[in-house]
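A.B. asks:
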Amino acid sequence: MRLTALIAVAMLAMPAATGGVEKSIDFNRDIRQILAGRCFKCHGPDEQTRKAKLRLDIRSGAANEQGGNGAIRPGNPDGSELLARVTSQDKDLRMPPEGDPLTPSEIRKLRTWIAEGAEYQRHWAYTRPVRPRLPEIKSRHQPRNAIDHFVLAELERRNLDPAPVAKPAILIRRLYLDLIGLPPPVEKVRAFAAGPTDEMYERTVDQLLGSPRFGEKWARHWLDLARYADSNGYHHDDRRSIWPYRDWVINAINEDKPFDRFTIEQLAEDLIANATLNQRIATGFHRNSPANLAGGSKIDEVRASILFDRVNTTGTVWLGATLECAQCHDHKFDPYTMKDYYGLFAFFNNDIAEVKLHSTGKKQLAGGNLRLPVSAERRARYEEAHHQRDAIQSKLDVASATALGRVRQWEETVNREKLPPNIRAILRSSKPDSRNDVARKQVETHYLNQQAEVREIQAQLKLVDAVQKSLAPPTSLVLAQRQYPRETYVYLRGIRHFDVTQNVPHISAPGKEHHLSSHDWRTVPCRYVRPQIDCNIRQLMLQRFKPGSASTRWHSACRRQFPT
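Residue numbering for the sequence shown is 10 to 573, as defined by the numbering used here.
1) Less than 8 Å separating the beta-carbons of residue 509 and residue 351?
2) Go ahead and pull the three-state DSSP assignment for residue 379.
3) Closest to residue 312 by C-alpha separation, out of 344, 46, 354 and 276, would be which residue?
4) Apart from the five residues just before and just after residue 36, which ones in its own chain have a Cβ nearer than 8 Å to its Cβ?
5) Taking the alpha carbon of residue 126 as the point to measure from, which residue in 487, 349 and 118 has its own alpha carbon closest?
6) Got a sec? Which residues, its chain only, sit under 7 Å from residue 176 by beta carbon, not counting five neighbours each side?
7) How about residue 335 and residue 347: are their beta carbons less than 8 Å apart?
8) Using CA coordinates, which residue listed in 489, 479 and 328 is at the minimum distance from residue 392?
9) Which residues does DSSP pair with residue 497 in a beta bridge?
10) Check whether the Cβ atoms of residue 357 and residue 296 sit closer than 8 Å, and answer yes or no.
11) Could you compute how far the alpha carbon of residue 141 sits from the alpha carbon of residue 147?
12) If we ignore side chains and look at the alpha-carbon of each, how far apart do residue 490 and residue 234 end up?
13) Can you give me the C-alpha to C-alpha distance between residue 431 and residue 317, rounded to a whole angstrom?
14) When the distance is taken between beta carbons, is residue 239 closer than 8 Å to residue 229?
15) Does the contact criterion of 3 or more C-beta pairs under 8 Å hold for the stretch 242-259 versus the stretch 191-206?
16) Would the stretch 158-165 and the stretch 64-73 be scored as touching if the rule is three or more Cβ pairs under 8 Å?
17) With burial defined as no fewer than 16 other Cβ atoms inside 10 Å of the residue's Cβ, what is the status of residue 39: buried or exposed?
18) Just how far apart, CA to CA, sit residue 291 and residue 227?
19) Closest by CA to residue 314, which one among 301, 495, 326 and 285?
20) What does a CB cutoff of less than 8 Å around residue 359 pick up in its chain, not counting 5 residues either side in sequence?
21) Hey, how far is the Cα of residue 90 from the Cα of residue 60?
22) Tell me which residues share the same chain as residue 135 and place their Cβ nearer than 6 Å to its Cβ, disregarding the 5 neighbours each side in the sequence.
23) Hey, how far is the Cα of residue 62 from the Cα of residue 50?
24) Determine the closest residue to residue 574 out of 378, 307 and 268, with distance taken between C-alpha atoms.
25) Does DSSP classify residue 486 as helix, strand or coil?
26) Tell me, to the nearest whole angstrom, how far the beta carbon of residue 259 is from that of residue 225; I am working on the premise that it is less than 8 Å.
27) Taking the C-alpha atoms as reference points, what is the distance between residue 474 and residue 389?
28) Three-state secondary structure (DSSP) at residue 491?
29) Alpha carbon to alpha carbon, how far is residue 463 from residue 409? Give it in angstroms, no decimals.
30) In whole angstroms, give me the CA-to-CA distance for residue 68 and residue 286.
31) Using the rule of at least 16 other Cβ atoms within 10 Å of the residue's Cβ for burial, across every protein chain shown, is residue 83 buried or exposed?
32) Label residue 79 either buried or exposed according to how many other C-beta atoms from any shown protein chain fall within 10 Å of its C-beta, with 16 as the threshold for buried.
33) What span of residues does the alpha helix (DSSP H) with residue 209 cover, start to end?
34) Should residue 138 be listed as close to the ligand GTP, given that the test is whether its C-beta is under 7 Å from any heavy atom?
35) Tell me which residues share the same chain as residue 294 and place their Cβ nearer than 6 Å to its Cβ, disregarding the 5 neighbours each side in the sequence.
36) Taking the alpha carbon of residue 498 as the reference point, which residue from 378, 511 and 405 has its own alpha carbon closest?
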């Protein structure tokens, strides 16, 4: 079943330390967040803020393995300066110098960790996950599946009993609300309460997973990650047509699309030859970027901001990292450099410009705009409405020209006291030959609006415009590539500092050089940073199981708490 598979993915994403830890203290779970929150600001990876030439983010810096006295002496907590400083009662010596001191629980964890050898571990976010061992349990409650082993083991550790079994009416209500976001019909509640067997429970779950409402409910969480919106954002916030991408996500979830295809079709289908219509719609993932079309914005700046958003979102959703930090400098916590950032930027830099100037001088969305197919009947009606509009427009042009020929005569004979103030001011302040185009247009428009024949034709035109708009083939914003690639380079204080070529971050594929074509480059990072990707799967699981996964789930990878 899909529900079991989704839960299993989240469980299997955890490092081996999750199931049955031999040591009482685990660095990633217990120690890293203490050091990151209390020590790394002054004794971390950032050389500019580091004090006393002490690094606590790596073992060689903390234990000073190259010689001399280190802040940590593995196996000897009483001889470790780190423990002496965090427990000192002297305000001039106590660490951290600002804020609250470490709690007794944090100090106990540090002491035990140092006594056990002060082992450092690679951050769990960059550790390839392995299947965890099932923890042994002594509970009288029998586990029904592998997940129960982990739940019962944690309850035993905390001397807690499992929650009582929910009543049938409550259980089916939970199922409906969690899986499709709607309450169950009364008859379903009564039927389930009358015979709440395991078979009926499984049958109900299967029915809900097969419901179209399942995809509609769970697509909302992915669409949040994709920053989906039906408008451009910013001040103007104009409407845009990208709803087919929303429907694609719903259908992908309902169809149980494999996650690798789900990824490739959204990130790279614009680079694959002979892509289907639905696959091209999927590239709308990166057309969800907000676009500033305000009058004061510059097209190149708007395009760059869209590309930055595209890189940052790719990092958040598929790498589980706050890549935007590396837009201006090497990342302070995660192993991403500026060169890594702009290597990814270079791939997106070949997309067709998203914004262009209209002949009216107004900015509008450009780039790939896919026209979706419609039935032959609808297309015929649309074309008929188009021809009707042309005929009515021609009729309006003739009527307007005839009426405007009488404007000068009308100006001399009209009762000006009955005119709107702005029209009276125009007629009073200037001669007909000296009026500017805007003023002349105002006079002509007002005059035409007084003509019954013109008003009648304008009403017909407005009606046929509404019909034509309702019959127009729908469109969807998609990614599209330029024929010739752009250069990508980084400026430093206005000077072209270094050129950048398309490449994926080194951490995404350690020890490998990538000179990729087609769509492979966009999926390479996903193959090597599985823990971070699965961390985003956990965000979906968090919607199901509520708080408990990690309170720091939107932090950079290295600042996230170890997941439960």
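Virtual Cβ for every residue (Gly too), placed ideally from N, Cα, C.
C.D. replies: Let me lay it out:
1) yes
2) strand
3) Checked all of 344, 46, 354 and 276; the closest Cα to residue 312 is 354.
4) 122, 128, 129 and 130
5) 118
6) none
7) yes
8) For residue 392, the nearest C-alpha among the options comes from 479.
9) Looking at the DSSP assignment, residue 497 forms a beta bridge with 509.
10) no
11) 19 Å
12) 24 Å
13) 46 Å
14) no
15) No, the stretch 242-259 is not in contact with the stretch 191-206.
16) no
17) A residue is called buried when at least 16 other Cβ atoms come within 10 angstroms of its Cβ; residue 39 meets this threshold and is buried.
18) Distance between the alpha carbons of residue 291 and residue 227: 17 Å.
19) 301
20) Excluding its 5 nearest sequence neighbours in each direction, residue 359 has C-beta neighbours in its own chain below 8 Å: 490, 491, 494 and 495, listed in chain order.
21) 15 Å
22) none
23) 13 Å
24) The chain is shown from 10 up to 573; residue 574 falls before or after that span and cannot be answered.
25) Three-state result, residue 486: strand.
26) 5 Å
27) 16 Å
28) coil
29) 7 Å
30) 53 Å
31) Result: buried.
32) With 16 or more other Cβ atoms within 10 Å, it is buried.
33) 207-218
34) The ligand content of the structure shown is nil, which means the ligand GTP is not present either.
35) 235 and 275
36) 511
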